[in-house]
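K.L.:
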Amino acid sequence: MSIRRRLLGFFARRPAAGAWALLGPGLLWLLLFFAIPLAVLIGYSVLHRGTYGGVSPGFTLEHYRRFSDPIYLAVAARTLRIALATTGLCLLLGYPVAYVIARAGRWRNALLFLVILPFWTSFLVRTYAMIVLLRTGGVINSVLMGLGVTGAPLDLLYTPGAVVAGLVYGYLPFMILPIYASLERLDLDLLDAAEALGARAWSRFRRVTLPLSLPGVAAGSLLVFIPALGAFLTPDLLGGAKTMMLGNLVQNQFGPARNWPFGSAVSFALMVVVFAGLMVWLRVRDAEGEA
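Note that this note's numbering has the sequence shown beginning at 968, numbered continuously upward.
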């Protein structure tokens, strides 16, 4: 009997073993590249900083207490504001685009291609392209001055607005695609029934389309909000030192400052906040679903 048949017979007699065999590679991947690094991160966060960087033995919660300093709380508040603004703008811009694509008929694939096209270019290159647009002698200022709208260049670069613009530009497809998936599966017979019952266009959208697309809205919002909280490249290039976010703080602690324990504490605190917010959202969603 071949090895293949023996394995099939073994798994047929023991379904649980077959299930674990299928789960094994994924669980091993999560263990090696998520669970173990997370455990190391938590361990570093409660150790002392080494004299020349790194860590030294000894339990301490000093780094978590340091994170409660008003300076770092201001960085956390700025990060939250920018992440919320990015998510809100992506939703406002992405929902109409997803709606149009879902109703585009034979043009649907072409429009989806245009949404995915930016992923063919490095995120770093796209961020530098935003610098070309926003800098003092960039495209936007040149156009505004050429049209006589402004008499002098505007300070667009190295501002919170530039950071939000860069994040929206980078993460907008992550909002469009989940919403499109929800709208594309929408049963058009429901809209026809609502119209037959006398519902106007806005009422059909508010009572039928929007509620049925909320799973896509929620998924897109999470896909934008969570990476925006940890962003460091876009704030570093478009915001400069004036717009430090938690991602930049962590990067600085693991880089020039060589304070690995404090950087680990900030990273773990950010993960806890994100996880707590996600659990609250899941509970609210489940409660609404039961109601």
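Just so you know, even glycine gets a beta-carbon here, dropped at the ideal spot from N, CA and C. The model shown is predicted, which means the values in this text are computed figures rather than measured ones.
Per DSSP, residue 1015 forms a beta bridge with which residues?
P.N.:
Residue mapping note: residue 1015 aligns to position 48 of the sequence shown, counting from 1. 1023, per the DSSP bridge assignment.
K.L.:
Taking Cβ to Cβ, would you say residue 1147 is nearer than 8 Å to residue 1038?
P.N.:
Mapped onto the sequence shown, residue 1147 falls at position 180. Mapped onto the sequence shown, residue 1038 falls at position 71. It is not a contact, given that the beta carbons lie outside the stated cut-off.
K.L.:
Out of curiosity, what's the CA-to-CA distance linking residue 1208 and residue 1029?
P.N.:
As a working mapping, residue 1208 is identified with position 241 in the sequence shown. As a working mapping, residue 1029 is identified with position 62 in the sequence shown. C-alpha separation (whole angstroms): 26 Å.
K.L.:
By the DSSP assignment, the alpha helix (DSSP H) with residue 1169 in it spans what residues?
P.N.:
As a working note, residue 1169 is residue 202 in the sequence shown. Taken as a continuous stretch (DSSP letters only), the alpha helix (DSSP H) holding residue 1169 covers 1168-1171.
K.L.:
At a cut of 8 Å, does the region 1188-1205 reach the region 1119-1134 through at least three beta carbon pairs?
P.N.:
Yes, they touch.
K.L.:
Which same chain residues end up closer than 8 Å to residue 1033 when comparing Cβ atoms and leaving out the 5 residues on each side of it in sequence?
P.N.:
On the sequence shown, residue 1033 is found 66 positions in, with the first residue counted as 1. Cβ within range, chain order: 1039, 1229, 1232.
K.L.:
Report all residues from its chain with a CB closer than 7 Å to the CB of residue 1191; omit the five preceding and five following residues, and keep chain order.
P.N.:
Counting from 1 along the sequence shown, the entry for residue 1191 is found at position 224. Hits under 7 Å: 1053, 1054, 1057, 1138, 1141, 1142.
K.L.:
Within the chosen definition, does the region 1104-1119 reach the region 1152-1171 through at least 3 CB pairs nearer than 8 Å?
P.N.:
These segments do not touch.
K.L.:
Indicate whether the contact test is met: 3 or more Cβ pairs, each with one atom in the region 1008-1025 and one in the region 1234-1254, closer than 8 Å.
P.N.:
At 8 Å Cβ cutoff, the stretches touch.
K.L.:
Please identify the residue among 1198, 1223, 1035, 1071 whose C-alpha is closest to the C-alpha of residue 1214.
P.N.:
Position 247 of the sequence shown, counted from the start, is the residue given in the question as residue 1214. Among 1198, 1223, 1035, 1071, the Cα nearest to that of residue 1214 belongs to 1198.
K.L.:
Ignoring anything shorter than 4 residues, give me the alpha helix (DSSP H) runs that lie fully in the region 1091-1159, in order along the chain.
P.N.:
1106-1113, 1127-1151, all fully within the region 1091-1159.
K.L.:
Report yes if the CB atom of residue 1101 is closer than 8 Å to the CB atom of residue 1124, and no otherwise.
P.N.:
Mapped onto the sequence shown, residue 1101 falls at position 134. Mapped onto the sequence shown, residue 1124 falls at position 157. Contact: yes.
K.L.:
Looking at the structure shown, is residue 1085 part of a helix, part of a strand, or coil, going by DSSP?
P.N.:
Walking along the sequence shown from the start, residue 1085 turns up at place 118. Looking at residue 1085 - three-state DSSP - the assignment turns out to be helix.
K.L.:
Which residue wins for smallest C-alpha separation from residue 1013, given the options 1019, 1023, 1004?
P.N.:
Here residue 1013 refers to the residue found at position 46 of the sequence shown. Cα-wise, what sits closest to residue 1013 is 1023.
K.L.:
Residue 1219 and residue 1016 look like a contact to me (Cβ under 8 Å); what is the Cβ gap, rounded to whole Å?
P.N.:
Counting from one through the sequence shown, the residue named residue 1219 turns up at place 252. Counting from one through the sequence shown, the residue named residue 1016 turns up at place 49. At roughly 14 Å, the Cβ-Cβ gap does not stay under 8 Å, so residue 1219 and residue 1016 are not in contact.
K.L.:
Where are the alpha helix (DSSP H) runs, 4 residues long or more, that stay fully inside the region 1184-1235, in chain order?
P.N.:
For the region 1184-1235, whole alpha helix (DSSP H) runs of length 4 or above, ordered along the chain, are 1213-1221.
K.L.:
Roughly how many angstroms lie between the CA atoms of residue 1114 and residue 1080, to the nearest whole one?
P.N.:
Numbered from its first residue, the sequence shown carries residue 1114 at position 147. Numbered from its first residue, the sequence shown carries residue 1080 at position 113. Whole-angstrom Cα-Cα distance: 33 Å.
K.L.:
Using the Cα positions of residue 998 and residue 991, report the straight-line distance between them to the nearest angstrom.
P.N.:
Counted from its first residue, the sequence shown places residue 998 at position 31. Counted from its first residue, the sequence shown places residue 991 at position 24. If you take the alpha carbons of residue 998 and residue 991, they lie about 10 Å apart.
K.L.:
So which of 1217, 1200, 1193, 1249 has the shortest CA-CA distance to residue 1047?
P.N.:
Here residue 1047 corresponds to residue number 80 of the sequence shown, with the count starting at 1. When each option's Cα is compared against that of residue 1047, the closest is 1193.
K.L.:
Please state if the CB of residue 1161 and the CB of residue 1171 are separated by a distance shorter than 8 Å.
P.N.:
Position 204 of the sequence shown, counted from the start, is the residue given in the question as residue 1171. Position 194 of the sequence shown, counted from the start, is the residue given in the question as residue 1161. Contact: yes.
K.L.:
Take the Cβ of residue 1072 as the centre, count every other Cβ of all protein chains shown within 10 Å, and call the residue buried at 16 or more, exposed below.
P.N.:
Counting from 1 along the sequence shown, the entry for residue 1072 is found at position 105. Exposed.
K.L.:
Using the Cα positions of residue 1002 and residue 1151, report the straight-line distance between them to the nearest angstrom.
P.N.:
To locate residue 1002, count along the sequence shown from 1; it is residue 35. To locate residue 1151, count along the sequence shown from 1; it is residue 184. Between residue 1002 and residue 1151, the C-alpha separation is close to 36 Å.
K.L.:
Kindly indicate which residue of 1122, 1249, 1093 has the alpha-carbon position closest to the one of residue 1186.
P.N.:
For this step, residue 1186 is matched to residue 219 along the sequence shown. Residue 1249 is the option with its Cα nearest to residue 1186.
K.L.:
How would you label residue 1188, buried or exposed, when you count the other beta carbons within 10 angstroms and need 16 or more for buried?
P.N.:
As a first step, residue 1188 must be located in the sequence shown, where it is residue number 221. With 16 or more other Cβ atoms within 10 Å, it is buried.
K.L.:
Cutting at 7 Å between CB atoms, please list the residues of its own chain near residue 1077, excluding the five before and the five after it.
P.N.:
If you number the sequence shown from 1, residue 1077 lands on position 110. Nothing meets the Cβ criterion.
K.L.:
By how many angstroms is the C-alpha of residue 1180 removed from the C-alpha of residue 968?
P.N.:
Within the sequence shown, the letter at position 1 stands for residue 968. Within the sequence shown, the letter at position 213 stands for residue 1180. Residue placement at residue 968 cannot be trusted, given a pLDDT of 49 that sits under 50; what the coordinates show is reported in the next sentence. Cα to Cα, the separation comes out at about 53 Å.
K.L.:
From the DSSP output, in three-state form, read off residue 1241 for me.
P.N.:
Within the sequence shown, residue 1241 is the residue found at index 274, counting from 1. Three-state DSSP puts residue 1241 in a helix.
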